[in-house]
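Participant: One structure, as structure tokens, below. Some questions next.
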Amino acid sequence: MTLALDVAPVMVAYDVAHFLAGMMLVASFMLLYQDRIFAVLNTFAAQAMLLALAVAWQGYVHHHPDLFITAAMAFGLKGIVIPLALNRMVVRLGIHRDVDQAVNVASSMFLGLGLTSLALLLVLKVTPGASSFTREGLALALAVILLGFLMMITRRNAVTQIVGFMSIENGLILAATGARGMPLVVEVSVAFSVLIALFVFAVFVFRIRERFDSVEIEYLDRVRGDRRVQGDGR
Amino acid sequence: MNVSVWAIAVIPIAAGILLALIPSYRVGAIGNVLASGLTFATSLSFLAMPPVVEDYVILDSLNTFFVVLNTLVGFTTSAFSASYIGHEIETGRLTPLFVRFYHAMFQAMMAAMNIALLANNIGVMWVGLELATLITVVMVGIYRTPNALEAAWKYFILGIVGISLAFFGTILVYLAGQGVLGEGLPAMTWSKLLASAPKLDAALLNLAFIFLLVGYGTKVGLAPLHAWLPDAHAEGPTPISAVLSGLLLNVALFALLRFKMLIAAHPGALKPGPIMITIGLLSLIFAAFMLYQRRDIKRLFAYSSIEHMGLITFAFGMGGPLANFAGLLHMVMHSLTKSAIFFAVGHVAQAKGTQQLSGIRGLSVTNPGLAVGLAFGVIAISGLPPFGAFMSEFLILSSTFAREPLLALAAAFGLLVALGALLLRLQNILFGAPTGPHHKVSASSLPWMVHLSLVLVAGLYLPAAVIAWFQKAAELLG
Amino acid sequence: MSMEWPLFILAAALAVYAGAVLLAVSLPRPALGAVYPLCILAALAACAADIWVLAGQGAFQATLPLGLPTVGLRFRLDSLSAFFGLIVNLGIATSSLYGTGIGRAELSKRIEPFYPAFCAAMNLVLLADDAFGFLFFWELMSLSSWALVVSNHEDEENRKAAYVYLIMAAMGTTALLFAFGGMASPAGAAGGLAGQAGGYAFDAIRDHKLTPLVSGLVLVAALFGTGSKAGLMPLHAWLPLAHPAAPSHVSALMSGVMTKVAIYGIIRIVFDLLGTPAWWWSLPFIILGAATAVGGLLYAVQDRDLKRVLAYSTIENIGIVFAGLGLAIAFKATGIVNAAAVAMAAALLHSLNHSWFKSLLFLGAGAVLHATGRRDMESLGGLIHHMPQTAFYWLVGALSISALPPLNGFVSEWLLFQAVLAGPGFPEPILRFLSPVVAAMLALAAGLAAACFVRAFGTVFLGRPRSTEAAEAHEVPAVQRAAMGILAVLCILGGLFGGFSAWAIGPLLKTLAGTELAGLANGPTRLSLIAFTQGRSIYDAPTIALFVALSAIATMLVVHFISNRGTRRSPAWDCGFPDASPATQYSASSFSQPLRRVYRGIVLGSVEVLEMPPPGDLRPGRFAVRYRDHAWRNLYRRPAVALLFLAGRFNAFQFLTIRRYLVLMFSTLIALLIIMAVWM
Amino acid sequence: MASPIQSFMAQGAQMFLVLLVAPAVAGITRKVKARLTRRQGPPVVQCYRDLLKLIRKDSVLAGNASWFFRTAPYLIFAFTWVAAALVPTFASGLMFNWAADVVALIALIGAARALLALAAMDVGTSFGGIGSSREMMIASLAEPASMLVMLTVALAAGTTRLPEVAQFLISQPLEIRVSFALAFVALVMVAIAENARIPVDNPATHLELTMVHEAMVLEYSGRHLAMIEAASYLKLVLYFSLVICLFVPFGMAPLHGEPIAWAIGLAAYLTKLTLAAMALGVWEVSIAKMRVFRVSEFLGSAFIFSFLAILLAFLSREVLR
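Structural data, given as structure tokens:
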């Protein structure tokens, strides 16, 4: 009985964590799938909240109260503030109509599946020793990271780039919290939030939109160094 | 709790805060030099110090000379930037406010790099590198021209992605350690990890190494992860280019080496050698070819930095006492020489009023002093005697040849191609009839003279102490 | 330590060179001339030491705590280094003597600081006793001479020449590095630093035995490294660009002396370090050498630039030396040691002789350049009237390089022919076939050399001036004439006392070839040069010279006794067209036209362009000769073009968009991960 | 070895013999040519007269002739004479034969040629240039050919010293060797070219564009011209003696022969010389001169022959020693 009582919460803990992580992966896929920017932002917000839940759950299960800070930040910053900020920016930059897939959805989904399976394969191969808790968490986190990366390279404009990076970072936090008792997780999550703030700030201030991925040659001539037609290149 | 070790990190931070408060840029420049000098002086005390191993700090024969080198180049660079920034303000490319910011950031950057070098905790090491990266991003963009912003932006994106990957690698290392050392701090303490390396989970280490290689490799500027490097060098202020090439690349590579040691200490883990050799050769040859079409003098030398980082990675990939020795030696030679070159280039660009190679001709007629400095620098970086790089490249090639002749041939090919490009540019810069206007610059030739004379001495004579020291480090690297 | 004094003297000499460098760096421009007396001093001291070592064959060693960690910088002075040291320092002494005559206006911070460095580097290469030191000083030598080549940097051509030279030098050094790498004893290939780096000391290399394959590869690498420096075809194309570009007294050093340092390198590697030779090693030497001997001249007889003619003829002489070395290897490997000694003596003495007359000729060319400002032979002529001494010395040099008795060029030529005649002794048919080929090529080269230098001397010094500069030429300062005079005397003495020099290098021959020229001891006179035995072959220059001189004088006396000694001056007869303009003279190009016609098949790419205006058109007809060096086009230009093309392709990577760079990064990561997944 | 006195006499006798017969040989050739072309022709001794006359006459120098122009003729003469003196003619015991072997001999001839070619360029006329450039072109082919011929024979004899070669050949039983046959042909062709004979050059012409040797000596007169003429006569004899010594040395007196042997040798030599001179005459009238640029083909084939000769000599076992 005691044994059962001992086991049950572990099982529950595992199930919940696994479920949340899985949901995050699904969210990543949705991110890949969306081609309207607002939809992308909403989906991301959802993913961030899922992350917050997952982190909080980890904190609760393993009695790491400090993780609640991370969770709160994930919820507040990435779940609410940044999506709203990006919303405004999209309006400001007037790119809310854009379809900015560099690769068409089908193929990017296909790539996504490939990456996910690669991640699972790797991690499950790698960590026979570690607790299943860690394994699943790690595998899903890696998948989320790779998908975020994929999103970064399949999207054109800065905003979706940010979103891609943030979903990478979600994956990282997930992995970090999944790695039990890892120090500095909170600090790191703070550091990352700073990064993202910078990111947003940069896009916001420098109107990065067109500077991000434009392929017009005369534009490159103007900006990138080492072109033939160029005056003083400083 | 070792005071002077912490001082290395604390002094720059304090100085940075102070400099942020000083309005006059002249005083700021002087303060910058003083602070860097103080840091350097403190670091010198390491040479006499027994190894230190604490929870967060470590000082072993590997990072000691990296710290010393770091602070030394930081010192000379601050001296150079003092004479450089003055000119930038006269030409109005920077306002005193920005210079204030610049000085503060300079110190902060030095602090970050020192932290990364001294950290015994892989998480702290990561934080240090991330900090250094972000600061340099800001510094690169400081001129706020479209080019500068574009470069900074590219650097930023690639940098943070690299950082994220490196962080994931760090998590994996922690997981590997967790299995043996238990949860919490010990599993992130490098010395403890190394001590129990053979017992760690090999597979996790392998996976971690991949992520760390890609993550930190981006900072090192290994092809094909190098994209940020040339533009960041070309568009930022020259002192920053000098620091980037001379120090930041080294620090990133150092971080990579730490983990290489870890994985090399594990018998079951994958041998990092082949991967590093491949990437190193790729960077070497790729960069060598890229040198030919450059039109911007700073971008030219940025690519040569990629080339040399490739060579060094290649050397460490070969491993063995001699190759490691040569790799360490080459790291030192490269950071000294390359920063010296950037010092000279900075003044050349100011004298000629352009960074475009097409605008820089007949330098040996207009500015003989600068010409000599630049010539010696380029000759040294091309691995020609009597400078130190000749010895390191001789050792790298010969030790490789003894084991893998074909690899040695490939490396030699890359080096020759690069040498061809560099000397072609050098001749065009130095000789022929001068073109365009040229202004007199109040260049302080002391910094590059110090560096080049060090390199020259190293080419002829390595003190036994230094040799012993390098050998210890080389053995650590396995 | 008293035994070591030659090394001390050399060290002192090197110190003087170093001092000269520092002096030149610090002195103001007009005072830079002070460098040259110092160099003369150092060179003479070094000569003394070298001669002493040659006389009493001893080897002196010293190790300095410099250079490679735990190995140190090793120096060794044996008879081989001493012999080449003699060549080097004699050349330096005369060139520096010429240099003392350089006018203040021509002194420059671009030349004088590098000149002593160049001299010191050449000496140090000869002394180095470990691979690192050898390559270090070898590259230093290239670097300092590069600075000298580019010293006159306003000229686009010079810059190009200097660049090509430096690149070739770097490639050569790399090749040599691999040669040494192949030979280095793998004492610690895996083992400690000391072990592995220690394998690069020459002692360790000597002890290390190689498999035939490895030694073959080493031979190829060494041939590339030294051959590219010496100007062996087809690697030669940089040489006729670089050597003339330098100031003339430096050209003299580069052509006359530095090429010999390269010869030293190959001899050191093949005869000392690489172990007992196999007969097939000799093939590349013989074939390339013979081809170079003829090819160099075929270009030399074409060219209009006086200094470039000399550079090409340097290539030819290097070919002769390599052919001699090849024969020496072959004979040594097949156990015909006395023939090996003859071939080796030919190679060594030709190196010595060539260093003399080539320095002389380059200094003379420098004098002409100084007096007229012209290098193009088409605008010179008649200088024998204004520069009688220079003309005489140059004539001596020209006759010596054409291998005419009783001058020194013929001595080595004669020895080489004698060596060839031992060819039927070869067991291998290939060699038996090759040796007459060598003979034919050498004979051809001798004939062409005569043509080439008759053309050069005839166009530059004889005839009537073809330009006002040539008409107003003036003799050069006394010291410069003295420098040429000394060399001319050396050429004559070297020719007369070839027997003595062959005897003097006996010990060296014993170490290299296994025996000395035994026949010398019992000749009719001590001075007669005997290859094998007196009955088989003998050449006694003094007697011949005496013979010629006596009969010439006797004839003159008789004739003057008979005749009424009347001599009238009048305009040239010229088949009844007196006082034609100097332009009607045969020019250098027209002189070489018959040769061009004959050897057109061999001198590929020599094109004559004749544009004749139609009758009634008053424009003058134009005739132009252009020729292309094929080695240049195929081994230099084409690879460079290919490289630049590749570079252009790679360059696209500079202009990708950030997203694409991310793709690169991502795919790298994924590739590595997949590798992991598969590998584990 | 012969006694010094004897060999000294042999040497001296020989030097003056060649000097003595040289003009006569040229004379004989001329005479034969004249007769064959139905002309009276000058008497055989005409050449002697010419030489004396030239020596006596004033020499007229071009305005800008240098010291080299004046000294060259004597040097040319001396070199040729010494070379001629080194070829055994009627006796092989020569005082100075040890001083120079065949290689040196070829080189001596080459020296004389180079000096002549240079002298031709001194005055700076177009014809001098023509002459010397063509001469050097011819030489660049003739010299290697003759060198190879010499080496072929030397190879067979195992020595490069002419007297020993001659002795060796005499001692050999008479047999035709392929290599020798080729060498003989090559040497004859070279001799024709070297002595400016038809079909390579025409000693009698002053038609500007065809001449080689004559173009070179165009500016010479008086005693200088005499020296050069004498040198050319000597050169002809030298080549005749070479051919004789290398291929038909029979009758030559041995190293230490009695006077009778000398007498026989002398007689044999003179007859051979005369025959050679007449043969040359016949040859010259029987063919036409060829264009200058065909000369290269002529000499090229000579070079090929000599090369084949030495190749055979090297590859055939018979000469292994």
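Quick note, the sequences are listed as chains X, U, W and H, same order.
Counting in the working numbering, the first sequence runs from 36 upward without gaps.
Counting in the working numbering, the second sequence runs from -18 upward without gaps.
Counting in the working numbering, the third sequence runs from 2 upward without gaps.
Counting in the working numbering, the fourth sequence runs from 7 upward without gaps.
By construction, the Cβ of each residue, glycine as well, lies at the ideal position given by its N, Cα and C atoms.
A quick note: this is a predicted structure, and the numbers were derived from the prediction, not measured.
Taking CB distances under 8 Å as the criterion, tell me whether Asp248 (chain X) reaches chain U.
Facilitator: Position 213 of the first sequence, counting from 1, holds the residue named residue 248 (chain X). With a pLDDT of only 44 at Asp248 (chain X), under 50, the local geometry of the prediction cannot be trusted, and no value is derived from it.
Participant: By Cβ distance below 6 Å, which residues in the same chain neighbour Glu414 (chain W) in space, the five residues on each side in sequence not counted?
Facilitator: In the third sequence, residue 414 (chain W) corresponds to position 413, counting from 1. Cβ within range, chain order: Ala404.
Participant: Between Gly(-3) (chain U) and chain X, is there a C-beta pair that is closer than 8 Å?
Facilitator: Within the second sequence, numbered from 1, the residue matching residue -3 (chain U) stands at position 16. No, no contact with chain X.
Participant: Can you tell me where the alpha helix (DSSP H) holding Ala441 (chain W) begins and where it ends?
Facilitator: What you label residue 441 (chain W) is simply residue 440 of the third sequence in a count that begins at 1. Per DSSP, Ala441 (chain W) belongs to the alpha helix (DSSP H) from 430 to 461.
Participant: Quick check: the segment 287 to 302 of chain U against the segment 243 to 257 of chain U, are at least 3 beta-carbon pairs closer than 8 Å?
Facilitator: The segment 243 to 257 of chain U, when compared against the segment 287 to 302 of chain U, does touch it at the 8 Å Cβ threshold.
Participant: So Glu204 (chain X) contacts chain U; which residues on that side make the cut at Cβ distance below 7 Å?
Facilitator: As a working mapping, residue 204 (chain X) is identified with position 169 in the first sequence. Per Cβ cutoff of 7 Å: Ser145.
Participant: Going along the chain, which residues of its own chain have a beta-carbon closer than 8 Å to the beta-carbon of Phe9 (chain W), five neighbours each way excluded?
Facilitator: Position 8 of the third sequence, counted from the start, is the residue given in the question as residue 9 (chain W). None.
Participant: Taking 8 Å as the CB-CB cut-off, is Leu443 (chain U) touching chain W?
Facilitator: In the second sequence, counting from the first residue as 1, residue 443 (chain U) sits at position 462. Yes, Leu443 (chain U) lies at the interface with chain W (some Cβ there is under 8 Å from its Cβ).
Participant: Could you pull the DSSP bridge partners for Ser571 (chain W) from this structure?
Facilitator: Within the third sequence, residue 571 (chain W) is the residue found at index 570, counting from 1. DSSP, once it has assigned bridges, lists H:Ala68 as partnering Ser571 (chain W).
Participant: Using a Cβ-Cβ cut-off of 8 Å (strictly less than) and excluding sequence neighbours within five positions of Met388 (chain W), which residues of its own chain qualify?
Facilitator: Counting from 1 along the third sequence, the entry for residue 388 (chain W) is found at position 387. Ala368, Val369, Ala372, Phe462, Ala474, His475, Glu476, Val477, listed in sequence order.
Participant: Out of U:Ser24, U:Asp41, U:Leu263, U:Ser226, which has the shortest C-alpha to C-alpha gap to Pro32 (chain U)?
Facilitator: As a first step, residue 32 (chain U) is located in the second sequence; it is residue number 51 there, counting from the start. The shortest C-alpha separation from Pro32 (chain U) is found at U:Asp41.
Participant: Could you round the C-beta distance between Thr293 (chain W) and Ile319 (chain W) to whole angstroms and report it? I think they count as a contact, below 8 Å.
Facilitator: Taking the third sequence and counting its residues from 1, the one referred to as residue 293 (chain W) is at position 292. Taking the third sequence and counting its residues from 1, the one referred to as residue 319 (chain W) is at position 318. Yes, they are in contact, since the Cβ atoms of Thr293 (chain W) and Ile319 (chain W) sit about 6 Å apart, within 8 Å.
Participant: Identify whether Phe498 (chain W) lies in helix, strand or coil by the three-state DSSP scheme.
Facilitator: Counting from 1 along the third sequence, the entry for residue 498 (chain W) is found at position 497. Three-state DSSP puts Phe498 (chain W) in coil, outside helix and strand.
Participant: Does the beta carbon of Gly350 (chain U) come closer than 8 Å to any beta carbon on chain A?
Facilitator: The structure shown contains no chain A; the protein chains it does contain are X, U, W and H.
Participant: How many Å lie between Ala330 (chain U) and Lys113 (chain X) at the Cα?
Facilitator: Counted from its first residue, the second sequence places residue 330 (chain U) at position 349. Counted from its first residue, the first sequence places residue 113 (chain X) at position 78. Taking the straight line joining both Cα atoms gives about 45 Å.
Participant: Please report the distance separating the alpha-carbon of Thr114 (chain U) from that of Ile88 (chain W).
Facilitator: As a position in the second sequence, residue 114 (chain U) is number 133, starting the count at 1. As a position in the third sequence, residue 88 (chain W) is number 87, starting the count at 1. Going from the Cα of Thr114 (chain U) to the Cα of Ile88 (chain W) covers about 59 Å.
Participant: Is there at least one Cβ from chain W nearer than 8 Å to Asp107 (chain H)'s Cβ?
Facilitator: The residue labelled residue 107 (chain H) in the question sits at position 101 within the fourth sequence. Asp107 (chain H) counts as touching chain W.
Participant: Note down the Cα distance separating Arg71 (chain X) from Val34 (chain U), rounded to an integer number of angstroms.
Facilitator: The residue you call residue 71 (chain X) lines up with position 36 of the first sequence. The residue you call residue 34 (chain U) lines up with position 53 of the second sequence. Rounded to whole angstroms, Arg71 (chain X) to Val34 (chain U) spans 54 Å at the Cα level.
Participant: Once you ignore the five residues that flank Pro430 (chain W) on each side, which residues in its own chain have a CB closer than 7 Å to its CB?
Facilitator: Working through the third sequence from its first residue, we reach residue 430 (chain W) at position 429. Same-chain partners within the cutoff: there are none.
Participant: Can you say whether Gly189 (chain W) is buried or exposed, counting buried as having 16 or more other CB atoms within 10 angstroms of its CB?
Facilitator: As a working mapping, residue 189 (chain W) is identified with position 188 in the third sequence. Caution applies to Gly189 (chain W), whose pLDDT of 46 falls short of 50 and renders its modelled position unreliable; the value that the coordinates give is listed next. Answer is buried; the Cβ neighbour count reaches 16.
Participant: With distance defined between alpha-carbon atoms, name the residue in H:Leu314, H:Phe313, H:Arg300 nearest to Pro595 (chain W).
Facilitator: Along the third sequence, one-based indexing puts residue 595 (chain W) at 594. Closest option to Pro595 (chain W), Cα to Cα, is H:Arg300.
Participant: Entirely within the segment 53 to 131 of chain X and at least 4 residues each: give me those alpha helix (DSSP H) ranges in chain order.
Facilitator: Segments of the alpha helix (DSSP H) lying fully in the segment 53 to 131 of chain X: 72 to 97, 101 to 108, 117 to 128.
Participant: Apart from the five residues just before and just after Ala238 (chain W), which ones in its own chain have a Cβ nearer than 6 Å to its Cβ?
Facilitator: Looking up residue 238 (chain W) in the third sequence gives position 237. Closer than 6 Å at the Cβ level, and outside the excluded window around Ala238 (chain W), lie Asp630, Ala632, Trp633, Tyr637.
Participant: Suppose only complete runs of 4+ residues qualify. What are the alpha helix (DSSP H) ranges in the segment 22 to 96 of chain U, listed by chain order?
Facilitator: Listed in chain order, they are 42 to 71.
Participant: Are Lys359 (chain W) and Ser256 (chain W) closer than 8 Å when you measure CB to CB?
Facilitator: Taking the first residue of the third sequence as position 1, residue 359 (chain W) is located at position 358. Taking the first residue of the third sequence as position 1, residue 256 (chain W) is located at position 255. Taking 8 Å as the Cβ cut-off, Lys359 (chain W) and Ser256 (chain W) qualify as a contacting pair.
Participant: Anything in chain W within Cβ reach of Asn102 (chain U), meaning under 9 Å, just list it in chain order.
Facilitator: Within the second sequence, numbered from 1, the residue matching residue 102 (chain U) stands at position 121. Those do not exist, as Asn102 (chain U) stays about 25 Å from chain W at its closest Cβ, beyond 9 Å.
Participant: By how many angstroms is the C-alpha of Ala199 (chain H) removed from the C-alpha of Met142 (chain H)?
Facilitator: Position 136 of the fourth sequence holds residue 142 (chain H). Position 193 of the fourth sequence holds residue 199 (chain H). In a straight line, the C-alpha of Met142 (chain H) is about 12 Å away from that of Ala199 (chain H).
Participant: Taking just the CA atoms, how far does Ala307 (chain U) sit from Ala191 (chain W)?
Facilitator: Taking the first residue of the third sequence as position 1, residue 191 (chain W) is located at position 190. Taking the first residue of the second sequence as position 1, residue 307 (chain U) is located at position 326. Residue placement at Ala191 (chain W) cannot be trusted, given a pLDDT of 42 that sits under 50; what the coordinates show is reported in the next sentence. Straight-line Cα distance between these residues: approximately 14 Å.
Participant: CB-CB under 6 Å to Ala331 (chain W), same chain, minus the five flanking residues each way: which ones, in chain order?
Facilitator: Position 330 of the third sequence, counting from 1, holds the residue named residue 331 (chain W). Cβ neighbours of Ala331 (chain W) beyond the five flanking positions: Trp280, Ser283, Leu432.
Participant: Let me check understanding here. Comparing Cα to Cα, which of H:Ala123, H:Val108, H:Ile115, H:Val129 lies closest to Val155 (chain H)?
Facilitator: Residue numbering aside, residue 155 (chain H) sits at position 149 when the fourth sequence is read from its first letter. Among H:Ala123, H:Val108, H:Ile115, H:Val129, the Cα nearest to that of Val155 (chain H) is on H:Val108.
Participant: Tell me the rounded alpha-carbon separation between Leu378 (chain U) and Leu230 (chain X).
Facilitator: Reading the second sequence from its first residue, position 397 is the one you call residue 378 (chain U). Reading the first sequence from its first residue, position 195 is the one you call residue 230 (chain X). So the alpha carbons of these two residues sit roughly 42 Å apart.
Participant: Which one or two residues does DSSP pair with Tyr540 (chain W) in a beta bridge?
Facilitator: What you label residue 540 (chain W) is simply residue 539 of the third sequence in a count that begins at 1. W:Leu530, per the DSSP bridge assignment.
Participant: Quick one: residues in its chain with C-beta nearer than 6 Å to the C-beta of Ala85 (chain U), no 5 flanking neighbours on either side, listed in chain order?
Facilitator: Taking the first residue of the second sequence as position 1, residue 85 (chain U) is located at position 104. Result list for Ala85 (chain U): Gly(-3), Leu0, Ala1, in chain order.
Participant: Any C-beta of chain U sitting closer than 8 Å to the C-beta of Ile180 (chain X)?
Facilitator: Reading the first sequence from its first residue, position 145 is the one you call residue 180 (chain X). Judged by the 8 Å Cβ criterion, Ile180 (chain X) is in contact with chain U.
Participant: Considering only DSSP beta bridges, list what Asp208 (chain W) is partnered with.
Facilitator: Counting from one through the third sequence, the residue named residue 208 (chain W) turns up at place 207. Answer by DSSP bridge pairing: none, since Asp208 (chain W) is not bridged.
Participant: Short of 7 Å in beta carbon distance, which residues of its chain neighbour Ala489 (chain W), apart from the five on each side in sequence? Order them along the chain.
Facilitator: Locating residue 489 (chain W) in the third sequence gives position 488, where the first residue counts as 1. Result list for Ala489 (chain W): Leu361, Tyr394, Val397, Gly398, in chain order.
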